[in-house]
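Asks: Numbering (the UniProt record's numbering), first residue to last: 1 to 595.
By construction, the Cβ of each residue, glycine as well, lies at the ideal position given by its N, Cα and C atoms.
Handing you this structure, nothing more for now.
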Amino acid sequence: MRRCQLSAIQSRIYSMNETPELASFLMDAAAGECAAPEAPLDAAPRHGINPAVTLLDVTVAPPNAIHTDGDAERLIRAISEANGLIPEIGFAVMTTLQARLRAAQWRVTCVIALGDGRQAPRVIDLWPVDPARRAYGLALDIGSTTLAAYLCDLMSSEVIANAKMVNPQVSYGADVMSRVSHSMMYPGAHLQMTAAVRDGVRRLTAEVTARCGIEAAEVLDAVVVCNPIMHHLYLGFDPYELGQAPFTFATSKALHVAARDIDLPIHPLAQAYLLPAVGNHVGADAAAVMLCEDLHCSEAMTLVIDIGTNAEFFLGNSKDIVASSSPTGPALEGAEITHGQRAAPGAIERVRIHPLTKEIRFKVIGSELWSDEPDFEASIRGIGVTGICGSGVIEMVAEMRMAGLIDPTGRIGTRDETGCAACFADGRTTSVTLYHCKRHIYVTNNDVREVQMAKAALYASLRLLMDDLGVSSVDRIVLAGAFGSHISVKHAMVLGLIPDCALEHVSAVGNAAGAGACVALMDVEARRQIERAVQHVRNVETATHADFQAYFLSASDIPNAEDRFPSLAARVVLPEVAFGKRSGRKNPDRMRGRQ
1 MRRCQLSAIQ
11 SRIYSMNETP
21 ELASFLMDAA
31 AGECAAPEAP
41 LDAAPRHGIN
51 PAVTLLDVTV
61 APPNAIHTDG
71 DAERLIRAIS
81 EANGLIPEIG
91 FAVMTTLQAR
101 LRAAQWRVTC
111 VIALGDGRQA
121 PRVIDLWPVD
131 PARRAYGLAL
141 DIGSTTLAAY
151 LCDLMSSEVI
161 ANAKMVNPQV
171 SYGADVMSRV
181 SHSMMYPGAH
191 LQMTAAVRDG
201 VRRLTAEVTA
211 RCGIEAAEVL
221 DAVVVCNPIM
231 HHLYLGFDPY
241 ELGQAPFTFA
251 TSKALHVAAR
261 DIDLPIHPLA
271 QAYLLPAVGN
281 HVGADAAAVM
291 LCEDLHCSEA
301 MTLVIDIGTN
311 AEFFLGNSKD
321 IVASSSPTGP
331 ALEGAEITHG
341 QRAAPGAIER
351 VRIHPLTKEI
361 RFKVIGSELW
371 SDEPDFEASI
381 RGIGVTGICG
391 SGVIEMVAEM
401 RMAGLIDPTG
411 RIGTRDETGC
421 AACFADGRTT
431 SVTLYHCKRH
441 IYVTNNDVRE
451 VQMAKAALYA
461 SLRLLMDDLG
471 VSSVDRIVLA
481 GAFGSHISVK
491 HAMVLGLIPD
501 CALEHVSAVG
511 NAAGAGACVA
521 LMDVEARRQI
531 ERAVQHVRNV
541 ETATHADFQA
551 YFLSASDIPN
561 AEDRFPSLAA
571 RVVLPEVAFG
581 KRSGRKNPDR
591 MRGRQ
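This is the structure in structure tokens:
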């Protein structure tokens, strides 16, 4: 890409103006029902099971003529004798306390909110004693595009149900900055968006509790993680200040909020805990990822990337950690691609191109067969081939590079130049057919450019973090997020989406933000730990950095015009191809000859 294109490209990446196609893409997704997240969740608490709520069976001494103190005082005494706690009893519990104690014949299960050591324990409910009774909690990951809920058994640390749905706020904007702009244009609009996301959370909560046959009042605690703007919009804060420099939070500290104050349909006296934000555009969801991966305890130089419409990332180890974020645009998730779609049955999710014959084969969600297998068409009956989702987009572009259908600059060669029968003239450029049966599904050169812009913005930001710590390589890369869990790490590296690293040291961990929320739900010590850790994370502003432009331009090539990828080069040899006029630009393969 030429330097004169950069300002337009950056504007495209950082404003992510919506198109009718993008709006349709997201609204189609929003129309779907709640679904269970596909990625496995590692939510095991690191310090044992230590939730903020406990159930305690006690026997309260009945009143008599000698001991005339109140029922509440005798209940507190019974609790203290049982486990040493001296809790408060809230007014709401006090109003029915006497009737409940007598109905239970003085033996009750106390629902006690322990807090996290900074709050006095509180009795929030009294139940008849039932050995089968359990305590449940809810972990919520409120993302720009997707809401995810995890219902957890606080006594066993098991995630017993989960569900996800598209954030209803997409009707106000495909990305968070569009929503901030909407709130700036229409005073009070942020409250409409607050109502929309809370309604989505309500539906998710109803879904997971109904699936397990649990009453809402049995959910006794909640942990919420979200990015900075979703944090404000969920809580009902105006996000105006987050939409302009210096991007100031209303508060970045951890919060305890009464569930009823945020319309969270769980126990009416329960509280929701919101993890602290790291700073600027790095929010509580990123802190949850950091908690899940124990980055602050690791000796290895580790890069953690939570990839979505907005990518957040950490680099560091136990000695020093830096963080930043980068709007990647929705191209990496399949939007703004000619035949892009959300990950759903019929979407192309895997692509392979033979390096010699140039034949293309693929897999779609909902079928185990590759497209060149005999029974493929029968296997997709009722599903069809409907488009290409994010993981398929990444694999398609990377496979095109490995097969020599595109050159390092991203230009697609003609049929004569590539020897690929799937290449066809498309105006002044070339496109590549993936499927041409009932529908013609293809990738255009503009689709490739969209991917290049998105990955270049991300990679440039990652390089600036590496510069900040003075490192030229990383020991380990972790791809987080529901989208990250579906990416082929080899294809991501061929594309130049992530820095060079031994492929065996690159892993996808699924929704680490959701897992981190579950860890915080089931372990109050983890909450204290992450609150301490984020205070030592340095936030790096990459978008305005003087070197961002140079890194962005280099990263626009596939995989990169300047950076070496020796680990990848040992596993993958990229063809030395160049298509079209290059205006004197050198075009050797960027990986070969630079080892």
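#1: Who are the near neighbours of residue 194 in its chain, counting only those whose CB is closer than 6 Å to its CB and skipping five residues on each side?
#2: Classify residue 148 as helix, strand or coil using the three-state DSSP reduction.
#3: Curious, which full-length beta strand (DSSP E) runs of at least 3 residues does the segment 303-334 contain?
#4: What whole-angstrom Cβ distance do residue 542 and residue 324 have, given they're in contact under 8 Å?
#5: What is the residue span of the beta strand (DSSP E) that residue 362 lies within?
#6: Assuming residue 144 and residue 308 make a contact with CB atoms under 8 Å, what is their CB distance in whole Å?
#7: Exposed or buried, residue 191, counting other C-beta atoms within 10 Å across all chains shown (16 or more means buried)?
#8: Spell out the partners DSSP gives residue 255 in its beta bridges.
#9: For residue 129, is the beta carbon positioned less than 6 Å from some heavy atom of the ligand ATP?
#10: Pairing CB atoms from the segment 361-369 with CB atoms from the segment 196-203, are three or more of them under 8 Å?
#11: Kindly indicate which three-state DSSP category residue 477 falls into: helix, strand or coil?
#12: Would residue 49 and residue 157 qualify as a contact pair, given that the criterion is a beta-carbon distance under 7 Å?
#13: For a test of the three-state rule: what should DSSP assign to residue 568, helix, strand or coil?
#14: May I have the straight-line CA-CA distance separating residue 205 from residue 92, to the nearest angstrom?
#15: Measuring alpha carbon to alpha carbon, tell me which of 508, 536, 513, 502 ends up nearest residue 569.
#16: Count the other C-beta atoms from every protein chain shown that fall within 10 angstroms of the C-beta of residue 326, then say buried if there are 16 or more, exposed otherwise.
#17: Indicate whether residue 147 and residue 167 have their beta-carbon atoms separated by less than 7 Å.
#18: Which class does residue 242 belong to by DSSP, given the choice of helix, strand or coil?
#19: By Cβ distance, which residues of its chain are closer than 7 Å to residue 607, with the 5 residues on each side in sequence left out?
#20: So, does the segment 396-413 touch the segment 375-387, judging by three or more C-beta pairs under 8 Å?
#21: Short of 6 Å in beta carbon distance, which residues of its chain neighbour residue 500, apart from the five on each side in sequence? Order them along the chain.
#22: Do residue 54 and residue 112 have their CB atoms nearer than 7 Å?
#23: Quick one: what does DSSP say residue 28 is sitting in, helix, strand or coil?
#24: CB residue 580 to CB residue 411, shorter than 7 Å?
#25: Where does residue 203 sit, in a helix, a strand or coil, going by DSSP?
#26: For residue 64, does the count of other Cβ atoms within 10 angstroms reach 16, so buried, or fall short, so exposed?
#27: Ignore the nearest five residues each way along the sequence and tell me which others in residue 239's own chain have a CB closer than 7 Å to its CB.
#28: What first and last residue would you give for the beta strand (DSSP E) that runs through residue 140?
#29: Please list, in chain order, all residues of the same chain as residue 474 whose beta carbon is under 8 Å from its beta carbon, the five residues on each side excluded.
#30: Does DSSP put residue 124 in a helix, in a strand, or in coil?
Replies: So, from the data block:
#1: 233, 236
#2: In the three-state reduction of the DSSP assignment, residue 148 falls in the strand class, which pools E and B.
#3: 310-316, 321-327
#4: 5 Å
#5: 360-364
#6: Correct: roughly 7 Å between the Cβ atoms.
#7: exposed
#8: According to DSSP, which records beta bridges pairwise, residue 255 is partnered with 274.
#9: Summarising the ligand content, the structure contains no ligands, and the ligand ATP is consequently not present.
#10: no
#11: strand
#12: Their beta carbons are under 7 Å apart, which means residue 49 touches residue 157 by this criterion.
#13: helix
#14: So the alpha carbons of these two residues sit roughly 24 Å apart.
#15: 502
#16: buried
#17: yes
#18: helix
#19: Here the chain covers residues 1 to 595 and nothing more, so residue 607 does not appear.
#20: no
#21: 565, 567, 568
#22: yes
#23: Caution is warranted here: a pLDDT of 47 is assigned to residue 28, below 50, making its placement in the model unreliable, and no coordinate value can be reported.
#24: yes
#25: helix
#26: exposed
#27: 180, 183, 190, 229, 232, 233
#28: 136-142
#29: 301, 302, 303, 315, 466, 499, 501
#30: In the structure shown, residue 124 falls within a strand segment according to DSSP collapsed to helix, strand and coil.
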